[in-house]
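S.K.: Each residue of the sequence shown is one higher than the one before, starting from 1 at the first, in the numbering used here.
Just so it is clear, CB atoms sit at the ideal spot from N, CA and C, and this is done for glycine as well.
Remember, it's a predicted structure, so these values are computed and weren't measured experimentally.
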Amino acid sequence: MIDIELKDIPALRVISVEHTGSIAGVSRAFTELYSRAVAAGAPVGAPPLTIYPESPREFDPGDVTFSVCLPLAGELGELPEGLDVVELPAATAATAVHEGPYEGIGAVYDGLVRWCEREGYRVTPPVREVYLVGPDPDGHRSPVEFRTEVQFPAEKA
């Protein structure tokens, strides 16, 4: 059973980099973003997140556009080439938390899609995955400990 909550999500300013390809590239994209943000002295916060501009019904894990993002915890000096600053707007979102390895997150997406349809909500991308607990830098955290909040910004249809 998936616990779904409708909640207000505040606006968020992030530094990001966009990629297109397999969903398997998210980890590599975060490594690139972190290293470039640190090299630029960007004041990054937590938790990291990924945004997907497509509707969850159109999502193809083998060929998807996504942006990996780090919240900005202050003012950014010079923006490194290839990185963007994005203002994610405040939104009302249908949300659910996935616990465990990322391979099982599809059930949360399916549950959120069904809930939105049943409750009369229209998803207004970008969809967000917020990594509440994810891999640690040393690789010691087990995937069974991961916690990812999936957020479907939505409005009454």
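Going by beta carbon distance, what residues of the same chain come within less than 7 Å of Pro126, once the five residues before and after it are set aside?
M.R.: As a first step, residue 126 is located in the sequence shown; it is residue number 126 there, counting from the start. Taken in chain order, the residues that qualify are Ile51, Tyr52, Pro53.
S.K.: Just to confirm, is the Cβ distance from Leu6 to Ala94 under 8 Å?
M.R.: Counted from its first residue, the sequence shown places residue 6 at position 6. Counted from its first residue, the sequence shown places residue 94 at position 94. Contact: yes.
S.K.: Mind checking who Pro125 pairs with in its DSSP beta bridge?
M.R.: Residue 125 sits at position 125 when you count from the first residue of the sequence shown. According to DSSP, Pro125 bridges with nothing at all.
S.K.: When we look at the beta-carbon of Arg57 and count the other beta-carbons within 10 Å, is it buried (16 or more) or exposed?
M.R.: Walking along the sequence shown from the start, residue 57 turns up at place 57. Its Cβ having fewer than 16 others within 10 Å, Arg57 is exposed.
S.K.: Evaluate the contact criterion for the region 8–20 versus the region 73–84: three or more CB pairs, one atom per stretch, below 8 Å.
M.R.: With a cut-off of 8 Å, the region 73–84 and the region 8–20 count as touching, because enough Cβ pairs lie within range.
S.K.: The alpha helix (DSSP H) that contains Glu117, what's its start and end?
M.R.: The sequence position of residue 117 within the sequence shown is 117, counting from 1. Taken as a continuous stretch (DSSP letters only), the alpha helix (DSSP H) holding Glu117 covers 106–119.
S.K.: Taking 8 Å as the cut-off, decide whether the C-beta atoms of Tyr109 and Val44 are in contact.
M.R.: On the sequence shown, position 109 is the one that residue 109 refers to. On the sequence shown, position 44 is the one that residue 44 refers to. In this structure, Val44 does not lie closer than 8 Å to Tyr109 by Cβ.
S.K.: Scan the region 2–34 and note each continuous beta strand (DSSP E) run of 3 residues or more that stays entirely inside, going in chain order.
M.R.: Complete beta strand (DSSP E) runs here, min 3: 5–9, 12–21.
S.K.: Can you check DSSP and say which residues form a bridge with Phe146?
M.R.: As a working note, residue 146 is residue 146 in the sequence shown. DSSP, once it has assigned bridges, lists no residue as partnering Phe146.
S.K.: Could you check whether the region 64–72 touches the region 109–125, counting it as contact only if at least three pairs of C-beta atoms, one from each stretch, sit closer than 8 Å?
M.R.: Result no; under three Cβ-Cβ pairs closer than 8 Å.
S.K.: Can you round the beta-carbon distance between Val123 and Pro153 to whole angstroms, since I take them to be within the 8 Å contact cut?
M.R.: Against the sequence shown, residue 123 aligns to sequence position 123. Against the sequence shown, residue 153 aligns to sequence position 153. About 7 Å; that satisfies the 8 Å criterion.
S.K.: Cα-Cα, which of Gly134, Thr92, Ala40 is closest to Leu72?
M.R.: As a working note, residue 72 is residue 72 in the sequence shown. When only C-alpha atoms are compared, the closest one is Ala40.
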